[in-house]
Amino acid sequence: MFVPPPPVIELDEQSVIADLPTVLDNETRDRYRRIFQAQASGNFAAADGEIAQIKDRLLMGYVGAQRLLSPNSQARYDQLAAWLQEFHDHPDAPAIYRLALARRAPGGPELTPASFVGTAQPSPTFAAARTVRGADAGRAAELRAQLQNMADDGGFNAAFVLLDRKSTVDALGPQEVELWRGRMRTRQLEADPQRALQIPVDPGAPPDANWNAALS
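Following this note's numbering, the numbering of the sequence shown begins with 85 at its first residue and continues without gaps.
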């Protein structure tokens, strides 16, 4: 049984610096947060109500990925295939693609391959202002380069150790640290797909618990 990794969800930090350009207005950003929170708890009806009011679809790829990869949702093959057709270059595309392959019936329609390669740096619009041009910008840039090199070289264990350090969280902020965790998990799954086989999933456990079980 294929066990997908937790989806990668990119959101800016709660405090918004006035002079830092942002992509989403406050109302839309708060609505997306409510959607992610509702879906994380399996309340898809509440999430659908919020989604119906979304006008800026910037993060809908993340919304769809979170739902499709959720242990509370048994995604159908056609739903997975439709998401891939639109978001094949998304960070969660490799995990969605593998899940779709596992649920594809013999002779079923072809899938859009995942084209995400994990080389993009975190967008400044999703990072704290201090890590882009403030006092921590130099250290943050150094950490991002180091983490990207680890992802490219397969140094996943070292990357997780680095992400666990308080100094890394202090420099990048907890949201960006979680973004990097998700990217490392996706790259690790791509590098060793056998890690995702025959792993029991506890729907009541937090996503990290199931992911850690998959790595044990």
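The beta-carbon is built from N, C-alpha and C at its ideal position, and this holds for glycine as well. Quick caveat: nothing in here was measured; it's all calculated off a predicted structure.
Between the CA atoms of Thr252 and Leu227 - distance to the nearest angstrom: If you take the alpha carbons of Leu227 and Thr252, they lie about 8 Å apart.
Span of the alpha helix (DSSP H) around Thr233: Contrary to the premise, residue 233 reads as Asn rather than Thr in this sequence. Taken as a continuous stretch (DSSP letters only), the alpha helix (DSSP H) holding Asn233 covers Ala221 to Asp237.
CB of Ala166 within 8 Å of CB of Ala198, strictly: In this structure, Ala198 does not lie closer than 8 Å to Ala166 by Cβ.
Proximity of Ala243 and Leu231 at Cβ, strictly below 8 Å: Going by C-beta atoms, Ala243 is nearer than 8 Å to Leu231.
Secondary structure of Ala122, DSSP reduced to three states: In this structure, Ala122 counts as helix in the three-state DSSP scheme.
Three-state class that DSSP yields for Ser251 in the structure shown: In the three-state DSSP reduction, Ser251 falls in the helix class (H, G or I).
At least three beta-carbon pairs within less than 8 Å, the stretch 135–144 to the stretch 156–165: Counting Cβ pairs under 8 Å, fewer than three are found: no touch.
Glu170 - containing alpha helix (DSSP H), residue span: Looking at the DSSP string, the run of the alpha helix (DSSP H) that includes Glu170 is Tyr161 to Phe171.
Within 8 Å, strictly: CB atoms of Gln150 and Arg115: At a Cβ-Cβ threshold of 8 Å, Gln150 and Arg115 do not count as neighbours.
Range of the contiguous alpha helix (DSSP H) that encloses Leu108: Where Leu108 is concerned, there is no enclosing alpha helix (DSSP H), given that its DSSP letter is neither H nor E.
Pairwise C-alpha distance: Tyr181 and Asp254: Approximately 34 Å, taken between the alpha carbons.
Environment of Gly192 [buried if 16+ CB atoms lie within 10 Å]: Counting every other CB atom within 10 Å of its CB across the protein chains shown gives Gly192 a total below 16, marking it as exposed.
Contact belief for Thr270 with Pro175 at Cβ below 8 Å, rounded distance in angstroms: At roughly 6 Å, the Cβ-Cβ gap stays under 8 Å, so Thr270 and Pro175 are in contact.
Same chain, Cβ closer than 8 Å to Ala189, five either side skipped, listed in chain order: Non-local C-beta neighbours of Ala189 in its own chain, meaning closer than 8 Å and more than five positions away in sequence, comprise Tyr161, ordered along the chain.
Counted within 10 angstroms of its Cβ, other Cβ atoms place Gln169 as buried (16 or more) or exposed: The residue is exposed, with fewer than 16 neighbouring Cβ atoms inside 10 Å.
Reduced DSSP secondary structure (H/G/I, E/B, other) of Pro258: DSSP places Pro258 in helix when its eight states are reduced to three.
Asn241 in three-state terms, based on DSSP: Here Asn241 sits in helix by DSSP.
Distance, Gly257 Cα to Gln278 Cα: Unreliable positioning characterises Gln278 in this predicted model, as indicated by a pLDDT of 49, which lies under 50. A coordinate reading is not provided.
Contacting residues, own chain, Cβ-Cβ under 7 Å from Trp264 (five flanking each side not counted): Excluding residues within five positions, the ones whose Cβ falls inside 7 Å are Leu231 and Leu247.
Own chain partners of Gly239 with C-beta closer than 8 Å, once the 5 adjacent residues on each side are dropped: The answer, listed in chain order, is Asn233.
Simplified DSSP state of Arg271, which is helix, strand or coil: When secondary structure is reduced to three states using DSSP, Arg271 falls in the helix class.
Member of Ile135, Ala129 and Ala124 whose CA lies at the smallest distance from the CA of Ser39: The chain is shown only over 85 to 300; residue 39 falls outside these bounds and no answer can be derived.
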